[in-house]
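Have a look at the structure below, then the notes.
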Amino acid sequence: MDALLQHLVNGLVLGGTYALLGIGLTLIFGLMNLVNFAHGEFYTLGAYTTFAALTLGGSNFFLAVAAAIVVGAAAGALCERLLLAPLRDESIDTTMLVMIGLWIALQNAELLGWGGVAKSIPHPFPTAPLTLGPIGIAPLRLFVVLTAAALIVLSWLLIQRTRLGRAMRATFQDRETAALMGVRIGRIHTATFAFGSALAAAAGALLGPIFLAYPSMGDLASLKAFSVVILGGLGNLAGATAGGILLGIAEELGAGYVSSGYRDAVGFVIIILVLLFRPAGLFARAERIG
Amino acid sequence: MHKRWLTTLLLAFTLGALLAPAGFAQSPVKIGVIQPLSGAVAASGNYVRMGAEIARDWINAKGGINGRKVELVIEDNKSDPKEAASAAEKLIVRDKVPAIMGAWGSSMTLAAMPKLEEYGVPMVVETSSAGNITKSGNPWIFRISPPSEMEALGLEKYVDKLGVKHADFLAVNTDWGRGAAGAFGTMLRKKGVEVDAPEFMDQAATDMNAQITKIKASGGDTLFVTTAVEQITLILKQGQEQRLTRKIITTGGSSSPSQLIKQAGAAAEGTYHIVFFMPWFPEAMPDGKLAKAFVDEWTKRGHPFEGLTEGFRGHDGIATIVEALKLAGKDDPKAVRDALWKVSFTGVNGPIKFDKDGPAGKESGQSKPSIFVVQIKDGKVALPDFMARK
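Protein chains in written order, with the working numbering: chain P, 919 to 1208; chain R, 64 to 453.
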C-alpha cells in the first residue's frame, strides 16, 4: 500500500514534466501542423543554458531558469524566421525534413560545444526529501511540478484569454480569413513557434537539475512529447496535460507492478490502443465535420 | 590544355598509388578502434579513446613496431549496436586494419562480432562483460576485461565481510546488465544469500523512481547496480530522495567513483565499487610503476581524473594488439590472431595472457584481469578495511 502511494506520487511528478514537454509540442504540432522533430533540442538548449548561466555566468538558479526560457523563445523565433517562414506554403513533409535536419545539426553542435560527458546542474534545494507518512518527495521535484503547473495554466490563459491567443487560434483554423480580419499571419507563426520552444526550454531548465544535461537528452524528451500529444489529441492543451500525467502514472505503475524492463513499452502500448480506438486522442470531443 | 593537365595528374596519382607499398616500407601500422564517442555512454567511450592514444604515443616514442609508427583509426559506434557492426565493416573493408579494439558495451561488441568472423579479423575486447561474448564460439575474440561470472567470483571472498544477506539488483536492460544480474545472483545464492528478482532500466532512462520504490519494498540490505556512471549518478540521487538506506555495490568497473563524488555528492557516500584500476593508489596495482606513469601522463594531458578507471582499458587494449603485432611481424589479420595467443605481458590492470574459452575448436581468448573493490568514504575514494594493503 505504501509502495502504491509512492508509485502514484512518483508518477504524478514525472507526468507533470511530461505534460510540460507535451503542451509546447501540441502548440507547434497541433496548431501549426508542423512535425517538430527538433522539439527535444530546445529542451536540451534549456538545460545547457541553465548550466552555462549557473557555472559560467555565476547567476542564481531562478534567474538561470528564466534565462533559459528567454533563450529558448529567441532561438525558436530565429529558427521560425530563418527556416520555416520561407517554407510556409510547402507540404508537411518538407518542413518535417527540415526539422529532422535541424535536430541532427543541433545535437551534433551540442556534442561539439559541450562534449559527451554529462553535466550535473547545481540547484539550491536541500536533497533530503519532504515526507508525509510513508511518502517522500524531493523539494526540487516539488518545485518542478508546481512550476510546471503554473506554466501550463499561464499557457492556457494566453491561448484562451488574450488577443494574441485568439489570433493564434484564428490563424491556424483558417489562415485566409484571419488575414482578412487583419491578423498579421507571419508574426503569429513566429510567436507560436517561439512560445512552444520556450516551453520546451523551460522543461529542460527544470528537469536538467533533476537528471543530467547531455547532448542526446532531447531524444527521449521528444519521444515522450510526441506520445503525450498523441494521447491528448493534437492542439489540445488540457488533453496534453492529462495525457502527460496519465503517461507518467502508467509508466510508473507498469514498472512497479508489471516489469521494469518494459517500462517504456507500457507507454507505447497505451498509445497504440488510443490510436486504435480513439484516433483523435483520448480527450477529443466529437469530431467536427467541415 | 585543361584535359591534358588532368590526365597527367591522374597518371601521377596512379603511379604514386602503385609505388606506395613498395616505396614506403615505413608506412604506419593501422589499428582499428570502435568506441561510443557520442550517445548515452559517450563519456566512457571517449576516456577509452584517450587511454588508447596514450598507448599509441608511448609506443611511437619508443620507435613503434619494428620501426613503423602505430596509427589508430577511430570509429564512433554512437552507443548503438547497429552502428558498431557498420563501424567494424568499415574498418575492415575500407581501412584494412589487421586488428580492432572495441566496442565498449556488450551489445555493441556482440553486434560487431559476426563481421569479425565473416572477414577474419581479430578484435581485442577492452570493456564488455557479457558472458556469451567468449562463449559463443567466435575464434576472433580476445577479451581483456572480466566477464560478469569472473567478476562475481572475484567478489565472492568479500561477500561475508560486506555483510550481504539479502540482495536486490538494478541493471541496465542490455546484454551486460542482464548478464551481470544473472552471474552475481548465481554466486550470491550459492553463498546462501537471499536474492530477489532483478529490476531493469532502459539504457537511456533517466527516471528510476519506480524501480527504487519497488526495491525499497523488498526489505533487502544490499543493492547491486550494473550500468554506466551517468545512470549510477541518477540512481544514487534518486535513491537519496527516496531515503533508500542500503549498501550499494556497483559492478562492471564503469562506475568512475571520482565522477560520482563530483556529481552525486553526499548521495555517493558509503557506496562500494568494483573497479579494475585504482588510480587513487597506483602503487597498489600489479605493476605500480606503469600504473603511476599512466596516471601522470593522463594528468599531464589535462584529461579528467575521473576518466582513468575507463581510460586504462584503452591503453591495455592497444598495448595487447601491439604486442601481438610485434610477435606476428606483419600486419596480416590471421597472423595477428595467431600471435594474440602468445601474448604475455603486464598492462596497467595487471598480467594479460589469453586462455581458451568457449566451444572446443572455435575458442575465444579470455585473459584473467585483476579485480578490486573500493569505497567512497568522507567524499574520497578509499580501500575498504577488508582489502588490506599489500
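Here a beta-carbon is modelled for each residue, glycine too, at the ideal position from N, C-alpha and C.
Proximity of chain P to N129/R at the Cβ level (cut-off 9 Å) is not reached, the minimal Cβ distance being about 36 Å.
Inclusion of V288/R and V256/R in the CB contact set at 8 Å is not warranted, their separation being larger than that value. With fewer than three CB-CB distances shorter than 8 Å, the segment 1128-1144 of chain P does not count as touching the segment 1070-1083 of chain P. By the C-beta density criterion, V988/P is exposed, having fewer than 16 other C-beta atoms within 10 angstroms. Residues of the segment 243-263 of chain R with a Cβ closer than 8 Å to any Cβ of chain P, in chain order: E262 and F263.
With respect to A1085/P, F960/P sits apart: the two C-beta atoms are not nearer than 8 Å. The beta carbon of S321/R sits closer than 6 Å to those of F368 and E369, all from its chain and outside the five residues before and after it, given in chain order. Sorting S101/R, A106/R, I117/R and V399/R by C-alpha distance to the C-alpha of K363/R places I117/R at the top.
In the three-state reduction of the DSSP assignment, F344/R falls in the coil class, being assigned neither a helical nor a strand state. Within 7 Å of the CB of L1124/P, no CB atom of chain R is found; the nearest one sits about 13 Å away. When secondary structure is reduced to three states using DSSP, F960/P falls in the helix class.
Runs of the alpha helix (DSSP H) lying entirely within the segment 928-976 of chain P and spanning at least 4 residues, in chain order: 957-973.
Residue pairing from DSSP places A234/R in a beta bridge opposite F263/R and T289/R.
The alpha carbon of E304/R has as its nearest neighbour, out of A1023/P, I1128/P and S1115/P, the alpha carbon of I1128/P. Taking the Cβ atoms as the reference, G1166/P lies roughly 32 Å from G975/P, outside the contact range of under 8 Å.
When secondary structure is reduced to three states using DSSP, Q305/R falls in the coil class, being assigned neither helix nor strand. Per the DSSP secondary-structure output, D420/R pairs in a beta bridge with S427/R.
It is roughly 6 Å from the alpha-carbon of E1169/P to the alpha-carbon of V1184/P. Per DSSP, reduced to three states, the secondary structure at I1106/P is helical. When the Cα atoms are used, M271/R and L1020/P turn out to be separated by approximately 30 Å.
Scanning chain R for C-beta atoms nearer than 8 Å to the C-beta of V1035/P yields A105, A106, N109 and P367, reported in chain order.
For D1137/P, the secondary structure class from DSSP, reduced to helix, strand or coil, is helix. Proximity of E116/R to chain P, defined by a Cβ-Cβ separation below 8 Å, is not satisfied.
Close CB contacts of I1018/P within its chain, under the 7 Å cut and outside five residues either way in sequence, are with F955 (chain order). V133/R sits close to R119/R, with the two beta carbons spaced by under 8 Å.
V133/R carries a strand assignment under DSSP once its states are collapsed to helix, strand and coil. Excluding its 5 nearest sequence neighbours in each direction, G316/R has C-beta neighbours in its own chain below 7 Å: I337, V338, F339 and T372, listed in chain order. Per the C-alpha coordinates, the member of S281/R, L323/R, A382/R and V292/R positioned closest to D920/P is S281/R. Q303, E304, Q305, R306, Q322, K325, Q326, A327, G328 and A329: these are the residues of the segment 302-329 of chain R whose beta carbon lies less than 9 Å from some beta carbon of chain P, given in chain order.
Residues of chain P whose Cβ lies closer than 7 Å to the Cβ of D270/R are, in chain order, L932. A1056/P belongs to the set of residues whose beta carbon lies under 8 Å from a beta carbon in chain R. P414/R is bridged by DSSP to T409/R. Pairing G377/R with E189/R gives a Cβ-Cβ distance under 8 Å. Contact between the segment 411-423 of chain R and the segment 145-155 of chain R is absent: fewer than three C-beta pairs spanning the two stretches fall below 8 Å. Distance between L1152/P and L1117/P, taken at the CA atoms: about 17 Å. DSSP places K310/R in the strand class (E or B) of the three-state scheme.
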